[in-house]
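Enquirer: Using my numbering, you'd call the opening residue of the sequence shown number 16 and step up by one each time.
For each residue, glycine too, the CB sits at the ideal point set by N, CA and C.
Being a predicted model, the structure only gives us computed values, none of them experimental.
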Amino acid sequence: MMNMNIKETFVLLFSSFLFLTCGYAQDTIVPAIITFGDSAVDVGNNNYLPTPFKANYPPYGKDFVNKQATGRFCNGKLVTDITAETLGFKSSAPAYLSPQASGKNLLTGASFASAGSGYDEKAAKSNHALPLSQQLSYFKEYQGKLAKVAGSKKAASIIKGSLYILSAGSSDFELNYYVNPWINKAITVDQYSSYLLASFNTFIKGLYGLGARKIGVNSLPPLGCLPATRTLFGHHEKGCVTRINTDAQGFNKKINSTASNLQKQLPGLKIVVFDIYKPLYDLVQNPSNFGFAEAGRGCCGTGTVELTPSVLCNSKSTGTCSNATKYVFWDSVHPSEAANQVLADSLLLQGISLIT
Numbered sequence: 016m017m018n019m020n021i022k023e024t025f026v027l028l029f030s031s032f033l034f035l036t037c038g039y040a041q042d043t044i045v046p047a048i049i050t051f052g053d054s055a056v057d058v059g060n061n062n063y064l065p066t067p068f069k070a071n072y073p074p075y076g077k078d079f080v081n082k083q084a085t086g087r088f089c090n091g092k093l094v095t096d097i098t099a100e101t102l103g104f105k106s107s108a109p110a111y112l113s114p115q116a117s118g119k120n121l122l123t124g125a126s127f128a129s130a131g132s133g134y135d136e137k138a139a140k141s142n143h144a145l146p147l148s149q150q151l152s153y154f155k156e157y158q159g160k161l162a163k164v165a166g167s168k169k170a171a172s173i174i175k176g177s178l179y180i181l182s183a184g185s186s187d188f189e190l191n192y193y194v195n196p197w198i199n200k201a202i203t204v205d206q207y208s209s210y211l212l213a214s215f216n217t218f219i220k221g222l223y224g225l226g227a228r229k230i231g232v233n234s235l236p237p238l239g240c241l242p243a244t245r246t247l248f249g250h251h252e253k254g255c256v257t258r259i260n261t262d263a264q265g266f267n268k269k270i271n272s273t274a275s276n277l278q279k280q281l282p283g284l285k286i287v288v289f290d291i292y293k294p295l296y297d298l299v300q301n302p303s304n305f306g307f308a309e310a311g312r313g314c315c316g317t318g319t320v321e322l323t324p325s326v327l328c329n330s331k332s333t334g335t336c337s338n339a340t341k342y343v344f345w346d347s348v349h350p351s352e353a354a355n356q357v358l359a360d361s362l363l364l365q366g367i368s369l370i371t
């Protein structure tokens, strides 16, 4: 894990850089953070949707501020929460569907992410989540609200200078392709990946068209190492499910290529694909090196099959651990806050070009 002094020095260096190059000091390294995608970055939008994918009840949030279950799929902070703090924000931008997404709160951004969403629009709709197309529509609506609060000129400056984060793809495979024989018997993983990447390409172009210029995109994690995947598809294989990790690596190679092409096509675009795969894989393979004791199961409930949180990870679940800091995973799919800290440190270094 990155030493806190190193992190503080990192922020100080970039704050000084901005002061020298811009001629004035500012509280945050970017004006706002705007987030799209799935449960990895959903800070509460699903609380307001008729979907089974919710996390607004204990023990979710047990290590968050005031032990509040906000709708985050974690015991505490998400990677985006930690990133926001590191970049100088006092708190993360609100979920767009929440009452908090109004007035001056809009100045620091918004999260449009929705658990169960992804690049596959049909799958997102079947999960009663916000498809990426709807998230983009809400972003356009947000711009109008922002202009009323900040004025057109300042709003345009915020939109141009903001950091945009997209996390998607995991739900497409975990909640759709691998569990739906109508799809996995009809098309190959490679074909499905190409279908998802066409959607990714369309989304980025749409986001660019609405003013985004600094975009960070999460790669797929090592899907075969998620406790739920190991339970459902591991059979007699010890450890991570190799074939599913291979699928994730193939997708990641393609999304890097697609992102590179987009940067060449779209003037002024800075886009970085954050490698989530390697740092999380390292945590799973060598947990003790990072201070963890358990990487094979999550802390909440059984920690092995909580694909739909409300069913098996709730206040009545038996077996929930007392100390989530020793677990790489909070539930059977999502990392713990402690693991998110390690991931956030890695992504911060990968995304330097987006904040300078």
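1) Identify the continuous alpha helix (DSSP H) that holds residue 274 and give its terminal residues.
2) Would residue 63 and residue 110 be called neighbours here (beta carbons separated by less than 9 Å)?
3) Verify whether the separation of the beta carbon atoms of residue 191 and residue 180 is less than 9 Å.
4) Residue 147 to residue 363, Cα distance in whole Å?
5) So what does DSSP say about residue 367, is it helix, strand or coil?
6) Give me the Cα-Cα distance between residue 281 and residue 311, rounded to the nearest whole angstrom.
7) Just tell me which of 213, 286 and 59 has its CA closest to the CA of residue 233.
8) For residue 294, which residues in the same chain have their Cβ closer than 7 Å to its Cβ, ignoring the five residues on either side in sequence?
9) Using 9 Å as the threshold, is the C-beta distance between residue 132 and residue 125 below it?
10) Please report the straight-line C-alpha distance between residue 43 and residue 104, rounded to a whole angstrom.
11) By DSSP's criteria, residue 45 is part of a beta bridge. Which residues make up the other side?
12) Please go through the same chain and pick out, in chain order, the residues whose beta-carbon is closer than 7 Å to the beta-carbon of residue 223, but skip the five residues on each side of it.
13) Can you give the Cα-Cα distance for residue 366 and residue 231, rounded to whole angstroms?
14) Please classify residue 179: does DSSP put it in a helix, a strand, or coil?
15) What is the residue span of the alpha helix (DSSP H) that residue 214 lies within?
16) Return the bridge partner residues of residue 343 from the DSSP annotation.
17) Given this structure, state the Cα-to-Cα distance separating residue 272 from residue 330, to the nearest angstrom.
18) Locate the alpha helix (DSSP H) running through residue 199, then write down its first and last residues.
19) Among 338, 317, 333 and 328, which has the Cα closest to the Cα of residue 308?
20) Just mark residue 350 as buried or exposed, buried being the case when its beta carbon has 16 or more other beta carbons within 10 Å.
21) Classify residue 144 as helix, strand or coil using the three-state DSSP reduction.
22) Assuming the contact rule is C-beta atoms closer than 8 Å, residue 175 and residue 258 should be a hit. Round their C-beta distance to whole Å, please.
23) Verify whether the separation of the beta carbon atoms of residue 106 and residue 95 is less than 9 Å.
24) Please classify residue 300 as buried or exposed, where buried requires at least 16 neighbouring CB atoms within 10 angstroms.
25) Let me confirm a value: residue 213 is counted as buried when at least 16 other C-beta atoms fall within 10 Å, else exposed. Which label applies?
26) Can you find the residues in the same chain that come closer than 7 Å, C-beta to C-beta, to residue 289, ignoring five residues on each side of it along the sequence?
27) Distance, Cα to Cα, residue 193 vs residue 167?
28) Distance check for residue 297 and residue 68, CA to CA, integer angstroms please.
29) Could you give the first and the last residue of the continuous alpha helix (DSSP H) run that contains residue 289?
Expert: Answer, in terms of the structure:
1) As a first step, residue 274 is located in the sequence shown; it is residue number 259 there, counting from the start. Where residue 274 is concerned, the enclosing alpha helix (DSSP H) stretches over 257-280.
2) In the sequence shown, counting from the first residue as 1, residue 63 sits at position 48. In the sequence shown, counting from the first residue as 1, residue 110 sits at position 95. Going by C-beta atoms, residue 63 is nearer than 9 Å to residue 110.
3) As a working note, residue 191 is residue 176 in the sequence shown. As a working note, residue 180 is residue 165 in the sequence shown. No; because the gap between Cβ atoms is not below 9 Å, this pair is not in contact.
4) Translated into positions along the sequence shown, residue 147 becomes position 132. Translated into positions along the sequence shown, residue 363 becomes position 348. Roughly 24 Å between the two C-alpha positions.
5) Counting from one through the sequence shown, the residue named residue 367 turns up at place 352. The answer is helix: DSSP assigns residue 367 an H, G or I state.
6) Working through the sequence shown from its first residue, we reach residue 281 at position 266. Working through the sequence shown from its first residue, we reach residue 311 at position 296. Residue 281 and residue 311 have their C-alpha atoms some 42 Å from each other.
7) On the sequence shown, position 218 is the one that residue 233 refers to. The closest CA to that of residue 233, considering only 213, 286 and 59, is found on 286.
8) Position 279 of the sequence shown, counted from the start, is the residue given in the question as residue 294. The residues are 357, 358 and 361.
9) For this step, residue 132 is matched to residue 117 along the sequence shown. For this step, residue 125 is matched to residue 110 along the sequence shown. Contact check for residue 132 against residue 125 fails: the beta carbons are separated by 9 Å or more.
10) Counted from its first residue, the sequence shown places residue 43 at position 28. Counted from its first residue, the sequence shown places residue 104 at position 89. Going by the C-alpha atoms only, they are around 6 Å apart.
11) Counting from one through the sequence shown, the residue named residue 45 turns up at place 30. According to DSSP, residue 45 bridges with nothing at all.
12) The sequence position of residue 223 within the sequence shown is 208, counting from 1. The answer, listed in chain order, is 281 and 284.
13) One-based indexing of the sequence shown puts residue 366 at position 351. One-based indexing of the sequence shown puts residue 231 at position 216. About 7 Å.
14) Here the question's residue 179 lines up with position 164 in the sequence shown. For residue 179, the three-state secondary structure derived from DSSP is strand.
15) Looking up residue 214 in the sequence shown gives position 199. Per DSSP, residue 214 belongs to the alpha helix (DSSP H) from 204-224.
16) The residue labelled residue 343 in the question sits at position 328 within the sequence shown. Bridge partners of residue 343: none, in fact.
17) In the sequence shown, the residue the question calls residue 272 occupies position 257. In the sequence shown, the residue the question calls residue 330 occupies position 315. About 43 Å.
18) The residue given as residue 199 occupies position 184 in the sequence shown. Looking at the DSSP string, the run of the alpha helix (DSSP H) that includes residue 199 is 196-199.
19) Here residue 308 refers to the residue found at position 293 of the sequence shown. It is 338.
20) On the sequence shown, residue 350 is found 335 positions in, with the first residue counted as 1. By the neighbour-count criterion, in which 16 or more other beta carbons inside 10 Å mark a residue as buried, residue 350 falls on the buried side.
21) Working through the sequence shown from its first residue, we reach residue 144 at position 129. Shown here, residue 144 sits in coil according to DSSP, grouped into three states, outside any helix or strand.
22) By one-based count along the sequence shown, residue 175 stands at place 160. By one-based count along the sequence shown, residue 258 stands at place 243. Actually they do not touch by this definition, with Cβ atoms about 43 Å apart.
23) Within the sequence shown, the letter at position 91 stands for residue 106. Within the sequence shown, the letter at position 80 stands for residue 95. Taking 9 Å as the Cβ cut-off, residue 106 and residue 95 do not qualify as a contacting pair.
24) Here residue 300 corresponds to residue number 285 of the sequence shown, with the count starting at 1. Around the beta carbon of residue 300, fewer than 16 other beta carbons lie within 10 angstroms, which makes this residue exposed.
25) Taking the first residue of the sequence shown as position 1, residue 213 is located at position 198. Counting the other Cβ atoms within 10 Å of the Cβ of residue 213 gives fewer than 16, which makes it exposed.
26) As a working mapping, residue 289 is identified with position 274 in the sequence shown. Within its own chain, the residues whose Cβ lies closer than 7 Å to the Cβ of residue 289, once the five positions on either side in sequence are excluded, are 231, 232, 233, 234, 362, 365 and 366, listed in chain order.
27) Taking the first residue of the sequence shown as position 1, residue 193 is located at position 178. Taking the first residue of the sequence shown as position 1, residue 167 is located at position 152. Those two C-alpha atoms are separated by around 46 Å.
28) As a working mapping, residue 68 is identified with position 53 in the sequence shown. As a working mapping, residue 297 is identified with position 282 in the sequence shown. In a straight line, the C-alpha of residue 68 is about 28 Å away from that of residue 297.
29) In the sequence shown, residue 289 corresponds to position 274, counting from 1. Run containing residue 289: none in the alpha helix (DSSP H); it sits in the beta strand (DSSP E), 285-289.
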